[in-house]
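S.K.: So for the sequence shown, the working numbering puts the first residue at 3; every next one is plus one.
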Amino acid sequence: MPALFEISSAAGRYTVEQEHGLLARSLPEMAGGVVIADEYFAARLAGQGLNLIALPATEQSKSLDAIGDVIIRMRGLGATRGSHLWAIGGGAIQDAAAFVASVYMRGIAWTYLPTTLLGMVDSCIGGKSSINVGAYKNIVGTFHVPRTVRIDAGLTASLSTEQRVAGLVEAAKITYCRGDDVFAQYLAQSPAPSLSPEAFGPIIALSLGAKKWFIEIDEFDRKERLLLNFGHTFGHALEGASHYRLSHGIGVGVGVLCALTLSRALLGGEPGGATAALEAHLRALLGAFDALPAILRDIDVAEAWDRLKADKKHEAAHYRFVTLDAAGRVELIRLPREPGTDRMVLSALHDTLASLIP
Numbered sequence: 003m004p005a006l007f008e009i010s011s012a013a014g015r016y017t018v019e020q021e022h023g024l025l026a027r028s029l030p031e032m033a034g035g036v037v038i039a040d041e042y043f044a045a046r047l048a049g050q051g052l053n054l055i056a057l058p059a060t061e062q063s064k065s066l067d068a069i070g071d072v073i074i075r076m077r078g079l080g081a082t083r084g085s086h087l088w089a090i091g092g093g094a095i096q097d098a099a100a101f102v103a104s105v106y107m108r109g110i111a112w113t114y115l116p117t118t119l120l121g122m123v124d125s126c127i128g129g130k131s132s133i134n135v136g137a138y139k140n141i142v143g144t145f146h147v148p149r150t151v152r153i154d155a156g157l158t159a160s161l162s163t164e165q166r167v168a169g170l171v172e173a174a175k176i177t178y179c180r181g182d183d184v185f186a187q188y189l190a191q192s193p194a195p196s197l198s199p200e201a202f203g204p205i206i207a208l209s210l211g212a213k214k215w216f217i218e219i220d221e222f223d224r225k226e227r228l229l230l231n232f233g234h235t236f237g238h239a240l241e242g243a244s245h246y247r248l249s250h251g252i253g254v255g256v257g258v259l260c261a262l263t264l265s266r267a268l269l270g271g272e273p274g275g276a277t278a279a280l281e282a283h284l285r286a287l288l289g290a291f292d293a294l295p296a297i298l299r300d301i302d303v304a305e306a307w308d309r310l311k312a313d314k315k316h317e318a319a320h321y322r323f324v325t326l327d328a329a330g331r332v333e334l335i336r337l338p339r340e341p342g343t344d345r346m347v348l349s350a351l352h353d354t355l356a357s358l359i360p
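(1) Return the residue from the list L230, G34, G121 that minimises the CA-CA distance to A81.
(2) Taking buried to mean at least 16 other C-beta atoms within 10 Å of its own C-beta, is F202 buried or exposed?
(3) Buried or exposed: where does P360 fall if 16 or more other Cβ atoms within 10 Å of its Cβ makes it buried?
(4) In this structure, does DSSP put E317 in helix, strand or coil?
(5) Please classify L248: does DSSP put it in a helix, a strand, or coil?
(6) Are the beta-carbon atoms belonging to I383 and L24 less than 9 Å from one another?
(7) Under three-state DSSP, which class holds W88?
(8) State the start and end residues of the unbroken alpha helix (DSSP H) segment that holds K214.
(9) Rounded to whole angstroms, what is the Cα-Cα separation between L120 and L264?
(10) Following the continuous beta strand (DSSP E) through F145, name the residue where it begins and the one where it ends.
(11) Do you know how far the Cα of A261 is from the Cα of A356?
(12) For L52, which of helix, strand or coil comes out of DSSP?
(13) Between the segment 106-113 and the segment 79-98, can you find at least three pairs of beta-carbon atoms closer than 8 Å?
(14) When you compare the segment 167-182 with the segment 284-297, are there three or more beta-carbon pairs, one atom per stretch, that lie closer than 8 Å?
(15) Tell me whether the segment 318-325 and the segment 237-246 touch, counting them as touching only if at least three CB pairs, one residue from each stretch, are closer than 8 Å.
(16) With DSSP as the reference, identify every bridge partner of K130, one or two as the case may be.
(17) What are the boundary residues of the alpha helix (DSSP H) that T158 is part of?
(18) Residue range of the beta strand (DSSP E) that L115 falls in?
(19) Can you round the beta-carbon distance between A286 and F185 to whole angstroms, since I take them to be within the 8 Å contact cut?
(20) Comparing alpha-carbon positions, which option in A328, A243, G257, H234 lies nearest G270?
(21) So, for N53: in the same chain, excluding its five sequence neighbours on each side, which residues have a beta-carbon less than 6 Å away from its beta-carbon?
(22) Nearest CA to the CA of M32: which residue from I217, A212, L348, I90?
See below:
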């Protein structure tokens, strides 16, 4: 299988492979392990003689309550310390499987085959799991890298426009965070939801190459990798306030626009660099998702604000946001928790939502 590249981690090196048809060619290897798949792919894999655990592709599947049931089902299938776990699905399935792999009998090996564009361009590498507890999104988790990541871009053929937009939003964010040159290479691919699976291949490789730099230089989210949270503080709050009608990638897209609005307020003007190109591209992508205005219109901004204030990335006396400096570069800033900051952040949230609702 062709290796796209290897990634170095504290737990060792793991390989990222990319080729059409990888899912089908991986089936013989899965026979001796346990497969956690979303319901759609579990139905496709039924009858293949696999130890299958099907999960809904929803936020509930990555809740702490649901994880216990998955572990019990794995034990029922006879999984041991030597078993290999295979994860087939998008971000929610990855989070659940990565967390289970990291804690089951103190940790077992696992392989991930992402089935969404967002998973392929972003979350498949880095080894992070993020689990929801109650109303708190992604508040617990672990670092546990996979043995391999296998990317089959042919699977994008079945994705909805929303899922394609979500993946491209994350690819745009990652490449922008890596620098103007990389973002220019991304835009040169003419990224759009209508692209063929073959055309998504170079975008996937470029995005993962950009993310590889962040996770190798800062594997455990202490400095540089935190910049990839660009748009996430606003985005997570909006996802929760929409009761997850707003998917993660779409929420991040709206969240980046909120962060751009906040950056303008902090700078008292427009950031430089490729900022204008980023905003225009994100607005074009989000505009392709027809249901977005109706979802945003139904969001209770007060609830979004409460969720934003409770984000786990903040400190006791300061908010933490990834914004842009005057040159258009992403930077992590700390803002005091005081009325003036609250008004500025809430205004950025209000103004951005208003700009996306006709």
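Note that CB positions come from ideal geometry on N, CA and C, so glycine has one too.
M.R.: Result, derived from the coordinates:
(1) As a position in the sequence shown, residue 81 is number 79, starting the count at 1. Closest option to A81, Cα to Cα, is G34.
(2) What you label residue 202 is simply residue 200 of the sequence shown in a count that begins at 1. F202 should be labelled buried.
(3) Translated into positions along the sequence shown, residue 360 becomes position 358. It is exposed - the Cβ of P360 has fewer than 16 other Cβ atoms within 10 Å.
(4) As a first step, residue 317 is located in the sequence shown; it is residue number 315 there, counting from the start. Under the three-state reduction of DSSP output, E317 falls in the coil class, being neither helix nor strand.
(5) As a position in the sequence shown, residue 248 is number 246, starting the count at 1. Looking at L248 - three-state DSSP - the assignment turns out to be coil, as it is neither helix nor strand.
(6) Residue 383 is absent from the model: the chain starts at 3 and stops at 360.
(7) The residue given as residue 88 occupies position 86 in the sequence shown. Residue state, collapsed to three classes: strand.
(8) Along the sequence shown, one-based indexing puts residue 214 at 212. Start and end: 199-219.
(9) Taking the sequence shown and counting its residues from 1, the one referred to as residue 120 is at position 118. Taking the sequence shown and counting its residues from 1, the one referred to as residue 264 is at position 262. One C-alpha to the other measures close to 25 Å.
(10) Here residue 145 refers to the residue found at position 143 of the sequence shown. Taken as a continuous stretch (DSSP letters only), the beta strand (DSSP E) holding F145 covers 138-145.
(11) Here residue 356 refers to the residue found at position 354 of the sequence shown. Here residue 261 refers to the residue found at position 259 of the sequence shown. A356 and A261: Cα-Cα distance of roughly 15 Å.
(12) In the sequence shown, the residue the question calls residue 52 occupies position 50. The answer is coil: DSSP assigns L52 none of H, G, I, E or B.
(13) yes
(14) yes
(15) no
(16) One-based indexing of the sequence shown puts residue 130 at position 128. Beta-bridge pairing links K130 to F145.
(17) Stepping through the sequence shown from its first residue, residue 158 is reached at position 156. No alpha helix (DSSP H) holds T158; DSSP gives it neither H nor E.
(18) As a working note, residue 115 is residue 113 in the sequence shown. Its beta strand (DSSP E) spans residues 111-116.
(19) Here residue 286 corresponds to residue number 284 of the sequence shown, with the count starting at 1. Here residue 185 corresponds to residue number 183 of the sequence shown, with the count starting at 1. About 15 Å separates the two Cβ atoms, so there is no contact after all.
(20) For the purposes of this step, residue 270 is identified with residue 268 of the sequence shown, where counting begins at 1. Ranking the options by Cα distance to G270, first place goes to A328.
(21) Locating residue 53 in the sequence shown gives position 51, counting from the first residue. Contacts found: V36, L79.
(22) Taking the first residue of the sequence shown as position 1, residue 32 is located at position 30. Per the Cα distances, I90.
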